[in-house]
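**Student:** Top line first, the protein sequences correspond to chains A and B.
Numbers 238 to 696, taken from our numbering, label the letters of the first sequence in order.
Numbers 238 to 696, taken from our numbering, label the letters of the second sequence in order.
By construction, the Cβ of each residue, glycine as well, lies at the ideal position given by its N, Cα and C atoms.
Protein chains: 2
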Amino acid sequence: MTLDAVLSHIDAELPNATDRLLRLLRIPSISTDPAYAEACETAADWLVEDLRSLGFEAEKRATPGRPMVVGHGGGDNGTGGRHVLFYGHYDVQPVDPLNLWHREPFDPEVQDTPDGRVIRGRGASDDKGQLMTFVEACRAMKAAGVPLPRITFLFEGEEESGSPSLVPFLEANAEELKADVALICDTSLFAEDTPGITTMLRGLLGEEITIRGPERDLHSGFYGGPAINPIRVLSKILATLHDDTGRITVPGFYDGVPELTDELRDQWQALGFDDAAFLGAVGLSQAAGEEGRSVLEQIWSRPTAEINGIWGGYTGAGFKTVLPAEAHAKVSFRLVGTQDPHAIRDSFRKMVEAQLPEDCSVEFHGHGASQASVMNISDPAFEAAREALSDEWPNEAAYIGAGGSIPIAGYFKSILGMDSMLIGFGRDGDQIHSPNEKYDMKSFHKGTRSWARILDRLA
Amino acid sequence: MTLDAVLSHIDAELPNATDRLLRLLRIPSISTDPAYAEACETAADWLVEDLRSLGFEAEKRATPGRPMVVGHGGGDNGTGGRHVLFYGHYDVQPVDPLNLWHREPFDPEVQDTPDGRVIRGRGASDDKGQLMTFVEACRAMKAAGVPLPRITFLFEGEEESGSPSLVPFLEANAEELKADVALICDTSLFAEDTPGITTMLRGLLGEEITIRGPERDLHSGFYGGPAINPIRVLSKILATLHDDTGRITVPGFYDGVPELTDELRDQWQALGFDDAAFLGAVGLSQAAGEEGRSVLEQIWSRPTAEINGIWGGYTGAGFKTVLPAEAHAKVSFRLVGTQDPHAIRDSFRKMVEAQLPEDCSVEFHGHGASQASVMNISDPAFEAAREALSDEWPNEAAYIGAGGSIPIAGYFKSILGMDSMLIGFGRDGDQIHSPNEKYDMKSFHKGTRSWARILDRLA
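1) If you follow the beta strand (DSSP E) that residue 428/B is in, where does it begin and where does it stop?
2) Using a Cβ-Cβ cut-off of 8 Å (strictly less than) and excluding sequence neighbours within five positions of residue 698/B, which residues of its own chain qualify?
3) What number of angstroms, rounded off, separates the C-alpha of residue 417/B from the C-alpha of residue 461/A?
4) Which runs of the alpha helix (DSSP H), 4 residues or longer, sit entirely within the region 441-502 of chain B?
5) One question on the structure: do residue 287/B and residue 325/B come within less than 8 Å of each other, judged by their Cβ atoms?
6) Whole angstroms is fine: what's the gap from residue 439/B's alpha carbon to residue 541/B's?
7) Taking Cβ positions only, does residue 626/A come closer than 8 Å to chain B?
8) For residue 617/A, tell me which candidate among 511/A, 661/A, 657/A, 587/A has the shortest Cα-Cα distance.
9) Closest to residue 251/A by CA distance: which of 677/A, 495/A, 490/A is it?
10) Could you tell me how far apart the beta carbons of residue 434/A and residue 619/A are, in whole angstroms, since I believe they sit closer than 8 Å?
11) Name, in chain order, the residues that DSSP records as bridge partners for residue 435/A.
12) What's the gap between the Cα of residue 509/B and the Cα of residue 546/B?
13) If you scan the region 584-628 of chain B from start to end, which runs of the alpha helix (DSSP H) of 4 or more residues do you find wholly inside it?
14) Rounded to a whole number of angstroms, what is the C-alpha to C-alpha distance between residue 637/A and residue 379/A?
15) At a CB distance below 7 Å, what residues from the region 533-556 of chain B approach chain E? Give them in sequence order.
16) At which residues does the beta strand (DSSP E) containing residue 184/A begin and terminate?
17) Between 485/A, 530/A, 514/A, 489/A, which has its C-alpha nearest residue 496/A's C-alpha?
18) Check whether chain A comes within 8 Å of residue 616/B, counting only Cβ atoms and requiring the distance to be less than that.
19) From the DSSP output, which residues share a beta bridge with residue 297/A?
20) Using a C-beta cutoff of 8 Å, does residue 595/B count as contacting chain A?
21) Straight-line CA distance for residue 337/B to residue 330/B?
22) Is the beta carbon of residue 445/A sitting closer than 8 Å to the one on residue 565/A?
23) List the residues of chain A that residue 212/B touches, going by C-beta distances under 7 Å, in chain order.
24) When DSSP labels each residue in this structure, what does residue 392/A get in the three-state scheme?
25) Alpha carbon to alpha carbon, what distance is there between residue 526/A and residue 578/A?
26) Using a C-beta cutoff of 8 Å, does residue 326/A count as contacting chain B?
27) Quick one: Cα of residue 411/B to Cα of residue 653/B, how far?
28) Bridge partners for residue 570/A per DSSP, in chain order?
29) Does residue 383/B come out as helix, strand or coil in the three-state DSSP assignment?
30) Helix or strand or just coil, what does DSSP make of residue 669/A?
31) Under 8 Å, CB to CB, which of the residues in the region 427-443 of chain A have a partner in chain B?
32) Between 421/B, 432/B, 281/B, which has its C-alpha nearest residue 261/B's C-alpha?
33) Near residue 555/A, which residues of its chain fall below 6 Å by C-beta distance, leaving aside the five closest residues on each side in sequence?
34) Could you check what DSSP says for residue 516/B in three-state terms: helix, strand or coil?
35) Going by DSSP, what residues sit across from residue 565/B in a beta bridge?
36) When the Cα atoms are used, what is the spatial distance from residue 421/A to residue 528/A?
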């Protein structure tokens with residue numbers, strides 16, 4: 238049997254593959270909210286069953302948080318092929334603000350849109366749809382009797398909530414999980430018809446700050462003036478995070494931020510990225526990051542500081558003249574090169590503390606810290622995958638960067654000693670982490686075909 | 238019959254008067270939240286019935302929001318006495334954060350505490366307990382057959398939500414509501430055993446700001462850097478509201494702010510106010526208002542800008558790397574002297590707009606605007622009331638200021654052409670607008686006795 242038979246099988250099976258994905262999307266596996274813990278178990282069980290139905294060994298493995306799914310199989314050519322670890326995550330983002338969804342987030346459906354057929358629902362793109370492209374490729378290889386490389390599956394359930402159990406799990410199961418190279422499907426196409434292999438990923442450092450002032454909420458008439466207002470203190474501190482040129486002011490922040498090589502800058506310029514179209518698609522016209530940097534640089538190779546959430550005082554309908562006892566913010570930093578997340582966390586905390594008035598205190602809560610990843614593309618598996626992708630898609634595959642953080646790639650390197658190939662089929666318009674998330678049917682279909690081509694070369 | 242008989246009646250009736258107040262406190266008449274509109278109707282009905290039970294005419298009057306209660310009666314000495322309008326409000330503040338209450342906010346009870354007996358529950362002090370001191374005084378005068386001055390009652394149900402219906406109602410019913418002087422019971426004792434007649438009240442200007450950037454929530458990995466973050470823009474703007482000396486930077490803000498007269502400053506210094514104790518009671522040690530001003534000045538005679546609420550992005554449990562489409566704040570200004578709230582609103586809005594990046598927009602929503610009030614104490618009714626209060630309490634009554642805003646006093650002057658006597662029996666520790674609000678039984682009891690003495694003098 239040949240690869241062509243596999244691809245034909247994928248084409249014919251697309252309706253059934255879509256039904257399977259819709260079933261997985263109906264499980265509301267939000268990891269950050271404990272109310273959905275049971276749904277995460279259900280999603281993990283579903284994946285275990287699906288892998289077993291393909292003849293793979295598969296198990297749900299408990300962690301202190303949401304479970305991992307681990308599976309093994311393939312190696313049908315004996316010891317000749319590569320041993321790959323495939324990683325995806327079955328947990329999804331929260332769905333608020335719910336009122337902006339046009340349909341229940343966990344009642345997915347296939348929709349015909351002016352831009353083509355899409356699968357609509359929370360997790361359709363991030364990451365259930367992407368994860369299933371790989372599973373469906375394996376299913377088609379099995380059905381067509383085409384040899385698979387040796388595969389270890391690892392599906393995580395805490396990717397959207399900082400992966401608290403991941404490192405201990407990798408450390409405890411390193412011997413079982415080690416492979417020659419990791420395959421990660423959680424990234425995007427570079428453009429319509431142009432697949433990419435992501436070789437640069439920003440790291441992520443999350444911090445939650447609580448500023449406390451008066452020991453209880455006060456009436457702003459009786460105390461306004463002499464009593465310090467924690468929201469005012471928090472605003473003042475957050476306002477100092479960036480200077481007027483968009484640079485981040487945390488002391489030592491730029492230690493380990495490499496300047497882009499001329500070679501890479503040339504490659505990226507050749508991609509013909511349309512800054513205005515990228516910004517215009519979300520209603521913007523000006524690049525708001527560091528002055529003098531292109532949009533691709535600002536996203537792929539420059540670090541950031543963002544306020545992801547802020548709250549304090551009265552936030553309901555109407556007005557309440559309260560002078561609140563505390564104010565909160567969730568702040569995150571995207572990291573590049575060899576920036577050290579732990580050193581930056583320390584420096585950020587010191588910077589906040591240095592700006593506190595005498596009557597205020599601060600409490601910090603860390604939400605994960607991962608370094609950036611830069612892949613070594615001299616491994617021939619990268620070129621094999623690039624050629625396989627180029628066979629499937631109209632345009633040649635490119636090595637690209639990514640602004641998002643997939644800490645797993647760093648952990649695979651540091652704990653399991655292997656590089657990662659980041660190959661995904663998402664699109665900028667997928668609205669992941671936003672209302673009305675979708676995954677293009679074309680991404681799902683050609684993504685599955687792409688993995689079949691890659692697996693065939695790696696076997 | 239004499240005043241002594243009235244006071245004896247009040248003493249004997251205290252348990253029944255307390256029961257009546259507890260019944261009123263059980264009605265959750267939160268005006269700012271539409272979910273409690275029906276409860277506001279119930280509270281108004283309750284007051285109508287209670288006034289009628291005393292032989293007063295009373296009616297609930299519809300407004301576009303919560304209803305007014307209007308009553309008439311007294312004038313038992315013919316045309317000789319004063320005609321007073323008594324004002325209170327039956328609506329209460331929201332109760333969040335609910336988890337900080339030690340008891341259901343609307344299940345009030347009498348509690349014995351180390352500082353004496355208190356009535357605990359939302360609205361106990363602000364303003365149901367205060368309002369009922371006047372009603373109970375009337376009840377005792379009626380029961381003892383002692384003549385009342387002519388009284389018009391006006392109970393509002395929107396005081397805690399900016400009084401949107403008040404001005405149109407006063408204008409439409411000016412002839413019915415006009416009196417010689419208004420009595421308002423919504424303020425505090427100056428100190429334990431020292432009653433005050435408040436003669437300076439700060440005005441209040443409320444503004445809600447919504448800053449919009451990207452047209453939808455974005456993933457901070459994919460867009461962080463080039464996409465403008467509305468929380469960052471909002472923080473930067475709010476951080477400019479005060480300069481390093483605590484002065485407010487809104488252009489023209491200090492127009493109409495009078496410098497304190499030496500006479501008044503001397504009077505206030507003589508009150509022996511303890512700055513450290515006032516701040517220490519809420520866990521603070523430093524006066525955070527304008528540099529070089531005493532705490533009493535900062536509260537009574539200086540204007541402020543406060544951020545009463547802020548929200549945007551992800552504020553739930555865990556972390557979500559969202560770059561939000563919008564960010565919000567509720568800002569209020571306390572005004573003094575002849576500061577013009579409308580001019581300040583315009584100037585504030587211009588100041589915000591001037592700081593907006595090109596890709597952001599702002600929407601403003603006004604939440605009420607009232608000028609400060611300064612009473613004319615040459616009206617002999619003030620001195621009569623001061624003497625009556627001094628008869629009831631251990632220490633002589635004082636003319637004082639108040640940091641809170643009671644816009645009604647300004648409207649009584651501008652619409653009905655009368656001054657107001659602001660007499661109340663609250664205490665700094667009443668935790669109004671906060672969890673675990675209470676009213677001292679002593680305030681309730683001696684407050685009722687105080688009004689009886691005042692009414693007797695004014696009749």
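**Tutor:** On the basis of the coordinates in this document:
1) Indexing the second sequence from 1 puts residue 428/B at position 191. Neither: residue 428/B is in no beta strand (DSSP E) and is coded neither H nor E.
2) A query on residue 698/B cannot be resolved here, the shown segment of chain B reaching from 238 to 696 and no further.
3) For this step, residue 417/B is matched to residue 180 along the second sequence. For this step, residue 461/A is matched to residue 224 along the first sequence. About 33 Å.
4) Within the region 441-502 of chain B, the complete alpha helix (DSSP H) segments at least 4 residues long are 457-460, 467-476, listed from N- to C-terminus.
5) For the purposes of this step, residue 287/B is taken as the residue at position 50 of the second sequence. For the purposes of this step, residue 325/B is taken as the residue at position 88 of the second sequence. For residue 287/B and residue 325/B, no; Cβs fall outside 8 Å.
6) Counting from one through the second sequence, the residue named residue 439/B turns up at place 202. Counting from one through the second sequence, the residue named residue 541/B turns up at place 304. Whole-angstrom Cα-Cα distance: 10 Å.
7) As a first step, residue 626/A must be located in the first sequence, where it is residue number 389. It does not: the Cβ of residue 626/A has no partner Cβ on chain B nearer than 8 Å.
8) Residue mapping note: residue 617/A aligns to position 380 of the first sequence, counting from 1. Here the closest residue by C-alpha is 657/A.
9) On the first sequence, position 14 is the one that residue 251/A refers to. That would be 677/A, whose Cα lies nearest to the Cα of residue 251/A.
10) For the purposes of this step, residue 434/A is taken as the residue at position 197 of the first sequence. For the purposes of this step, residue 619/A is taken as the residue at position 382 of the first sequence. Confirmed, Cβ separation roughly 6 Å.
11) As a working note, residue 435/A is residue 198 in the first sequence. Paired residue(s): 637/A, 659/A.
12) Working through the second sequence from its first residue, we reach residue 509/B at position 272. Working through the second sequence from its first residue, we reach residue 546/B at position 309. For residue 509/B and residue 546/B, the distance between alpha carbons rounds to 34 Å.
13) none
14) Here residue 637/A refers to the residue found at position 400 of the first sequence. Here residue 379/A refers to the residue found at position 142 of the first sequence. Approximately 31 Å, taken between the alpha carbons.
15) Looking at the structure shown, chain E is missing, and the protein chains on hand are A and B.
16) One cannot answer for residue 184/A here, as it falls past the ends of chain A, which runs 238 to 696.
17) Position 259 of the first sequence holds residue 496/A. Comparing Cα-Cα distances from residue 496/A to each of 485/A, 530/A, 514/A, 489/A, the minimum goes to 530/A.
18) If you number the second sequence from 1, residue 616/B lands on position 379. No, its Cβ sits nowhere closer than 8 Å to a Cβ of chain A.
19) The sequence position of residue 297/A within the first sequence is 60, counting from 1. BP columns for residue 297/A point to 306/A.
20) For the purposes of this step, residue 595/B is identified with residue 358 of the second sequence, where counting begins at 1. Yes, its Cβ sits closer than 8 Å to a Cβ of chain A.
21) The residue you call residue 337/B lines up with position 100 of the second sequence. The residue you call residue 330/B lines up with position 93 of the second sequence. Roughly 15 Å between the two C-alpha positions.
22) As a working note, residue 445/A is residue 208 in the first sequence. As a working note, residue 565/A is residue 328 in the first sequence. A contact, by the Cβ cut-off of 8 Å.
23) The question about residue 212/B has no answer, for chain B in this structure spans 238 to 696.
24) Here residue 392/A corresponds to residue number 155 of the first sequence, with the count starting at 1. Note: residue 392/A maps to strand in three-state DSSP.
25) Here residue 578/A refers to the residue found at position 341 when the first sequence is read from its first residue. Here residue 526/A refers to the residue found at position 289 when the first sequence is read from its first residue. In a straight line, the C-alpha of residue 578/A is about 20 Å away from that of residue 526/A.
26) Residue 326/A sits at position 89 when you count from the first residue of the first sequence. Output row for residue 326/A: interface = no.
27) Counting from one through the second sequence, the residue named residue 411/B turns up at place 174. Counting from one through the second sequence, the residue named residue 653/B turns up at place 416. Rounded to whole angstroms, residue 411/B to residue 653/B spans 6 Å at the Cα level.
28) What you label residue 570/A is simply residue 333 of the first sequence in a count that begins at 1. Its beta-bridge partners are 442/A, 542/A.
29) Translated into the one-based positions of the second sequence, residue 383/B becomes position 146. Coil.
30) Within the first sequence, residue 669/A is the residue found at index 432, counting from 1. Correct three-state label for residue 669/A: coil.
31) 439, 441, 443
32) Reading the second sequence from its first residue, position 24 is the one you call residue 261/B. Nearest option by C-alpha distance: 281/B.
33) Locating residue 555/A in the first sequence gives position 318, counting from the first residue. Hits under 6 Å: none found.
34) Reading the second sequence from its first residue, position 279 is the one you call residue 516/B. Of the three classes helix, strand and coil, the one that applies to residue 516/B here is helix, per DSSP.
35) For the purposes of this step, residue 565/B is taken as residue 328 along the second sequence, with counting starting at 1. In the DSSP output, where bridge partners are listed per residue, residue 565/B has 447/B, 548/B.
36) Within the first sequence, the letter at position 184 stands for residue 421/A. Within the first sequence, the letter at position 291 stands for residue 528/A. Near 33 Å, if we compare the C-alpha coordinates of residue 528/A and residue 421/A.
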